[in-house]
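Student: Questions regarding the structure given below will be posed in turn.
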Amino acid sequence: MPGLSFDFTGRAALVTGGASGVGQAVAATLHAAGADVALLDLDRERAEAAAAGIGDGVLGLAADVRRSAEVDAAVAATLARFGRLDVLVSSAGVAGGSLRTLEVDDAEWNLVMDVNSSGTFYAMRAALRPMLAAGYGRIVNVASVAGKEGNPMAAAYSASKAAVIGMTKSVGKDVAGSGVLVNCVTPAPIDTPLLQGISEEHVQYMLARVPLGRLATTDEAATLIAFLASEAMSFSTGAAFDLSGGRLTY
1 MPGLSFDFTG
11 RAALVTGGAS
21 GVGQAVAATL
31 HAAGADVALL
41 DLDRERAEAA
51 AAGIGDGVLG
61 LAADVRRSAE
71 VDAAVAATLA
81 RFGRLDVLVS
91 SAGVAGGSLR
101 TLEVDDAEWN
111 LVMDVNSSGT
121 FYAMRAALRP
131 MLAAGYGRIV
141 NVASVAGKEG
151 NPMAAAYSAS
161 KAAVIGMTKS
171 VGKDVAGSGV
181 LVNCVTPAPI
191 DTPLLQGISE
201 EHVQYMLARV
211 PLGRLATTDE
221 AATLIAFLAS
231 EAMSFSTGAA
241 FDLSGGRLTY
């Protein structure tokens, strides 16, 4: 967004799913605006390579967000490196396969729900400990239009993102007045590697319902997320912010 800038000087951020896609774009945006940034990915080499690609001082961490102890350790490593944690962007996620309901087996269901919903909760819970102690924080979760409307061939993904929206609303109310704000974004399809596992039929279904008629870009997502993560955001919590190209009507 031309002319829009942020100042995160003196702030520290942790971005899950930060080695690619939206997470990487957010990590780069926050770092360029002066933040100390830790990015987390399942693969350590990929996390460290992404961190090095963003700039000096960016911390690359490895963790499986399905395991709360690993998420807790990532938050501890961020605190040890930067001495504080002001921002959490929870963007780690999987799309799952484009499967009709009767094709979804237990392993598929559990994988998508564990990464997208449980992983988001574990990250929020871990980040809230230092944020509440400091009396300041911004948490931004990456949900999806699928969590509001539901997409065919995506029962697990739609359910997991509905859970992200629901927990954002709940946790936002739970910590209201503490100085910590919790919000989420609900994007339509974004041009990221996450789309690679989705069938062309599924992609076209989603695009046909976007009035602007195109995929969102990672930079567009990063700009909205950076605003929600900034001090400029002061009077919204537990809210879902539209990034759907006109698809969502509520």
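Here the sequence shown is numbered in the numbering used here, starting from 1 and rising by one per residue. All C-beta atoms, glycine included, are put in the ideal place defined by N, C-alpha and C. On a predicted model such as this, the values are computed, not experimentally measured, just so you know.
(1) May I have the straight-line CA-CA distance separating L215 from S144, to the nearest angstrom?
(2) Which parts of the region 163–195 are runs of the beta strand (DSSP E), unbroken and 3 residues or longer, counting only runs that do not cross its ends?
(3) In three-state DSSP terms, what is D106?
(4) Are the Cβ atoms of D141 and S178 separated by less than 7 Å?
(5) Mapping the DSSP letters down to three states, classify T9 as helix, strand or coil.
(6) Would the region 43–50 count as touching the region 91–99 if we require 3 or more Cβ pairs under 8 Å?
(7) Go through its chain and collect everything with a Cβ distance to M233's Cβ below 7 Å, but skip five positions before and after it.
(8) Pull up the distance between the alpha-carbon of E70 and that of D64, whole angstroms please.
(9) Grab the span of the alpha helix (DSSP H) containing G23 for me, first residue to last.
(10) What is the rounded straight-line gap between the Cα of A50 and the Cα of Y205?
(11) Can you name the start and end residues of the alpha helix (DSSP H) that R125 belongs to?
Tutor: So, from the listed chains and residues:
(1) Their backbone Cα atoms lie some 13 Å apart in a straight line.
(2) Runs of beta strand (DSSP E) with 3 or more residues, each lying fully within the region 163–195, are found at 180–187, listed in chain order.
(3) Residue state, collapsed to three classes: helix.
(4) Before going on, a small fix: residue 141 reads as Asn here, not Asp. In terms of Cβ geometry, N141 and S178 do not form a close pair [threshold 7 Å].
(5) In the three-state DSSP reduction, T9 falls in the coil class, being neither helix nor strand.
(6) Touching, no, given that fewer than three Cβ pairs across the two stretches are closer than 8 Å.
(7) Same-chain partners within the cutoff: R138, L181 and F227.
(8) Those two C-alpha atoms are separated by around 6 Å.
(9) Where G23 is concerned, the enclosing alpha helix (DSSP H) stretches over G21 to A32.
(10) Annotation: A50 to Y205 spans about 32 Å, alpha carbon to alpha carbon.
(11) G119 to A134 is the extent of the alpha helix (DSSP H) around R125.
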